[in-house]
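Encoded as structure tokens, the structure appears first; notes follow it.
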Amino acid sequence: MSRLNTKLPSLRRLTVWTLLIATIVFVLWCVWIDRQIRESFSSLQWALPARIYARPMELYPGAGHALDEVQTTLQQLGYREVSQLGRPGEFRRLGQSLQIQTRGFDFWDGPEPPQTLAVFFAGDRITSLERIGGGAVPLARLEPVEVTQFNPDTGEDRLPLALGDVPLVLIEAVIAVEDSRFYEHHGVDPKGIARAMLANIRAGGIVQGGSTLTQQLVKNLYLHRDQTFRRKIEEALMAVALDLRFSKNQILEAYLNEVYLGQDGNRAIHGFALGAQHYFSRPLTQLSLDELALLAGMPRGPSLYNPRRNPERAVSRRNTVLARMVDAGYITEEQRRHASQAELTVTPRPAYRGNGYPAFMELVQQNLARDYDSAALRTEGLRIFTTLDLAMQTTLEARLDKAVAAVQRADSDNGPLEAAVVITDATNGDVRAMAGGRRAGYTGFNRALKARRQIGSLVKPATYLAALESGAGDYSLATVLSDARREIELDNGTYWSPSNYENRYFGDVYLFDALERSLNQATVDLGLKLGLPATIDMLRRLGYNGDVAAYPSLLLGAVDMTPIEVAQMYQTLASGGFRTPLRAVEAVMTGDGQRLQRYGLAIEQVASQRSMFLLEHALQGVFSRGTARTAQSTMQANLPLAGKTGTTNDLRDSWFAGYGDDLVAVVWLGHDNNGATGLTGATGALKVWSDIMSSLRIEPRTTAPPPDIEWRQVSQNAVRDPAYRQCQDSVLLPFAESRPPDRAVDCEDDGSLFNRVLDRFRVFSP
Amino acid sequence: MSLRSGLLIGTLLLAACASPQRQSPAPVERSQPSLTGTSAAGSISESPGPVRSGDGRADSQGGFVGPAPPAPPDARATPTSTLMAGINSAVDAGELERAAAIAERGLRIDPRDASIWLSLANVRLLQNRPAEATALAQRALREASNDTGLRREIQAFLDRVTDDRR
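Note that the protein sequences, when read in sequence, are chains A and B.
Residue 648 in my numbering is what sits at position 648 of the first sequence, and the numbering runs on without skipping anything.
Positions in the second sequence are counted from 1; adding 1000 to them yields my numbering.
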């Protein structure tokens, strides 16, 4: 009895203690959860991918775009072809014209307004541009195509939107279908749960969830997907805490931005704003009731109700949403009937993303690395405006592999012939297209940026330009050089004896001719007279910053460069002696449209316009008379062009670098194991270059002569004594006024009758 | 004793409850606030990434400065004349880097237009970057070979830059 008496109170005490402890633990848990929710939700920020844009298409009378090209761009932008324009993001084709209702875009240099345009074409050009119902438009530009993203580790993509920017209809639709008592409950909705349980019991399975929007948000943000009892309790507590601490509007806004709506490759589509872009290629604010209802129905089963894959289920779900909206009094029965009958207007496929352009994007990352760390690039939602020319890149990718296959030697046993191509804008150094390998769309070793190879004769223009720029020696295109075999003693006592291609030597030759035909001995003759530092200095001025070994073999290209470094050098030549750093990124904005940074055009004059004009005359001669004359038939429509072939020892590397008025392109061919290709610059890279550049319709090179240039007739043969000159079949060359041709070759110099008679006489004598 | 053990259990429980929260992938990294309503129109100092100090005049105030004035519906307006008007109004508004961006847009459309090169040179001069201004004016000269009037104007600009630098 006494034992029982003592035991009873102790049992009661234990119970009391247990309850007390449980209560304390529970309260502490609640406090803990409350603190967690307060801290994390108030600092809630989405990790947003950087969006990478190609350069936008400009529309103006005279622009070189064919109708199909513009139409392709519109499709890449997710425009819908319709028979009657009604909304932004639609276009209509009418014979040789396009009607386009643009969406507008905030560019770095200012906003482009949305407008309705009629664009007329003739052949490959736009002939006129009008605002429908408004008269001529001098200039318009389409939105830039978003070609890829730098994604956060979560793989999530979204376009966060403030609640005020969300259409009310969408909010009503979401509330009607997901949580009709959203504004009444306190985070959890016992009535809703009871109703759901009842419905589930009746149906004999789970047909209805009792989760509020708040609970769903908590689950998505903070909890794993598994549904244990403790997790449900935790979810409910967090929902209550969230509801207690934050306004309904804050919760709703977070929900609308967080919700998962589908998958696009490895990119998860979150939030209704991005959902609208993904499924309809239009901003949320431009969607109609039926479209908004469709989106509102998707969170329940993003793949089940995917309108592209399961259009019937999607429509039926949409109509359920519409019915709930009527029940809740948000829309009228009439509106419901109308919207329920609407056809699905989903765009046929996700907005164009191509292959992500891995080679070009590597350059973009390289350009940005100076100013942005990689975490910032993947999470801060930056808008990055690149110089990528989508049409050009597409052409390059379409042609490169076949063009390389066409030149590859069948007897080569060094594996597949590889390639790298860099195409830049001749004016501003914008990198417009790039291939890091022969199959351009594939991620892999990026030869354009990383394959460092000897450049062979591509180095020669540096020596020739150094001569034309040099204050001493009176160099001109008609300077006579010696193209004869020689041995050169090096500093270490050994000898270097370079040879000409095919071991042919031409004796005395003109400077321009030596460059056009890429004669090695004549170049060595010139380079050694000038001194190696002159060539090295010119390489620096042209924009090459890497290592150079000061051996005479440098004159024949014993310097290693990557294709993009070569492109930089030839860019300086193409822009008329103005060094212009290559760039792949033009500007960066924040996700909400603030201007962050711009990488502006910066040029520096490194050679006189006179010398550049003379050099260019010889580089054009490469096509008309020199090592690239084999390309004449392919490039017929594009000549004159300027360029240079490059071949390295044992035919390991085949190079061609060339430019017209608009573009500069460098092509490298070789093997990754540095084995022989069996190709010279002319039999390999030049052919690939011509194939691509003729498809791109490269513009002829037509530089107007600067004022201090005069044209003079010189002897056909390069001679050092006027007694041997031949003027009956002279050559017309440009000269600097201050540096006329040497008397020995000048056919216009001594107009004395005696000499002219003598010249005549020479012609007839054997 | 039992109170202490109770507290211990409580603490352990708390830790247990807390742990999944720490493990759960943080949905957040550094970024803009999603609740744009609460911190609307963050000034540029709050925005991510480095802010270019640059010339410090045109853009560091941040924010988009209103839509560009709509081009007058002039049937004779050309792309170049439209953009030149844009450059001028950006210069007038003190938005020099935006003016440079518009000039570069013009050069993409017509790289042979010496007057656009000269405008860009002028913008760089206003930004106190005389070396760049000189190079750009030299480039303008290259494109103006047939236009003596414009050549004279460019030459005058070059002389002015040289005088300023002295």
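Backbone N, C-alpha and C fix where the C-beta goes; we use that ideal spot for every residue, glycine too.
What residues match up with residue i in a beta bridge as DSSP calls it?
i	result
A:K644	A:A657
A:M325	Paired residues: none, contrary to the question.
A:P111	A:D106
A:Y53	A:E146 and A:F385
A:E90	A:R80 and A:Q101
A:F120	A:S97 and A:S128
A:D746	A:V714
A:L26	Looking at the sequence shown, residue 26 of chain A is not Leu but Phe. DSSP lists no partner for A:F26.
A:A66	Per DSSP, none; premise fails for A:A66.
Which value, in whole angstroms, describes the spacing of the CA atoms of residue i and residue j?
i	j	result
A:W29	A:A587	49 Å
A:L528	A:S470	13 Å
A:A472	A:D721	21 Å
A:G437	A:I100	37 Å
A:V31	A:T590	37 Å
B:G1063	A:R51	Interpretation of B:G1063 is limited by its pLDDT of 35, a score under 50 that renders its predicted location unreliable; the figure taken from the coordinates is listed afterwards. Going by the C-alpha atoms only, they are around 19 Å apart.
A:G356	A:Y442	9 Å
A:G678	B:R1108	40 Å
A:P152	A:N367	19 Å
A:D165	B:N1146	54 Å
B:E1132	B:A1114	16 Å
B:E1046	A:Q605	Residue placement at B:E1046 cannot be trusted, given a pLDDT of 31 that sits under 50; what the coordinates show is reported in the next sentence. Computed Cα separation, rounded: 39 Å.
A:L274	A:Q408	46 Å
A:T702	A:L170	58 Å
A:A314	A:I201	26 Å
A:I603	A:L159	37 Å
A:L511	A:M538	17 Å
B:D1164	B:N1122	13 Å
B:R1160	B:I1087	21 Å
B:S1031	A:L252	Only weak support is given to the placement of B:S1031: the predicted model assigns it a pLDDT of 31, under 50, and the question is left unresolved by the model.
A:D483	A:D525	7 Å
A:P9	A:T23	20 Å
A:G577	B:A1085	30 Å
A:R337	A:A328	16 Å
A:I698	A:F121	20 Å
B:T1036	A:M561	Unreliable placement is indicated for B:T1036, whose pLDDT of 29 sits below 50; the coordinate value is still reported in the next sentence. Using only the alpha carbons, I get a separation of about 49 Å.
Between the Cα of residue i and the Cα atoms of the options, which residue gives the shortest distance?
i	options	result
A:S476	A:A22, A:Q99, A:V714 and A:S695	A:V714
A:T345	A:D401, A:M612 and A:Q286	A:Q286
B:T1082	A:F445, A:R141, A:V70 and A:E81	A:R141
B:R1076	A:W108, A:R383 and A:P138	A:P138
B:Q1127	B:E1143, B:R1098, B:T1148 and B:R1112	B:R1098
A:L515	A:A723, A:R231 and A:G646	A:G646
A:R625	A:Y330, A:A642 and A:A405	A:A642
A:A118	A:T127, A:S97 and A:S738	A:S97
A:E768	A:C727, A:M325, A:S611 and A:Y659	Residue 768 of chain A falls outside the range modelled here, since chain A spans only 1 to 766, and no answer is possible.
A:N673	A:N200, A:A467 and A:R447	A:R447
A:T73	A:R598, A:T102 and A:Q45	A:T102
A:F107	A:E710, A:G95 and A:V145	A:V145
A:G95	A:Q75, A:L85, A:L67 and A:G89	A:L67
B:R1112	B:R1166, B:P1130, B:L1158 and B:A1137	B:A1137
A:V218	A:D508, A:V421 and A:V259	A:V259
A:L458	A:A665, A:P283, A:D389 and A:E156	A:A665
B:R1151	A:P707, A:D389, A:A54 and A:L596	A:P707
For residue i, would you say it is in contact with chain E, using Cβ-to-Cβ distances shorter than 9 Å as the test?
i	result
A:N428	Given the protein chain composition of this structure (A and B), no chain E is represented.
Original post:
At which residue ranges does the region 405-447 of chain A contain complete beta strand (DSSP E) runs of 3 or more residues, listed in the order of the chain?
Top reply: 418-425 and 431-435
Subject >> Those runs of the alpha helix (DSSP H) which lie wholly inside the region 560-640 of chain A and span at least 4 residues >> reply: 563-574 and 609-624
Original post:
What are the complete beta strand (DSSP E) segments, minimum 3 residues, inside the region 454-542 of chain A?
Top reply: 480-483 and 507-510
Original post:
Using 8 Å as the threshold, is the region 38-53 of chain A in touch with the region 298-308 of chain A, meaning 3 or more CB pairs across them?
Top reply: no
Original post:
Which residue spans inside the region 235-311 of chain A form an unbroken beta strand (DSSP E) run of at least 3?
Top reply: 260-264 and 267-270
**OP:** Evaluate the contact criterion for the region 499-507 of chain A versus the region 412-432 of chain A: three or more CB pairs, one atom per stretch, below 8 Å.
**Re:** no
**OP:** Would you check if there are 3 or more beta carbon pairs closer than 8 Å linking the region 722-731 of chain A to the region 688-704 of chain A?
**Re:** no
**OP:** Mind the definition here: the region 651-668 of chain A touches the region 454-465 of chain A only if three or more C-beta pairs lie below 8 Å; say whether that holds.
**Re:** yes
Original post:
So does the region 143-152 of chain A actually touch the region 175-189 of chain A, counting three or more Cβ pairs closer than 8 Å?
Top reply: no
Original post:
Would the region 52-66 of chain A and the region 126-138 of chain A be scored as touching if the rule is three or more Cβ pairs under 8 Å?
Top reply: yes
Subject >> Touch test, the region 374-382 of chain A against the region 404-421 of chain A, Cβ-Cβ under 8 Å, three pairs minimum >> reply: no
Original post:
If you scan the region 679-728 of chain A from start to end, which runs of the beta strand (DSSP E) of 3 or more residues do you find wholly inside it?
Top reply: List check, beta strand (DSSP E) in window: 709-714.
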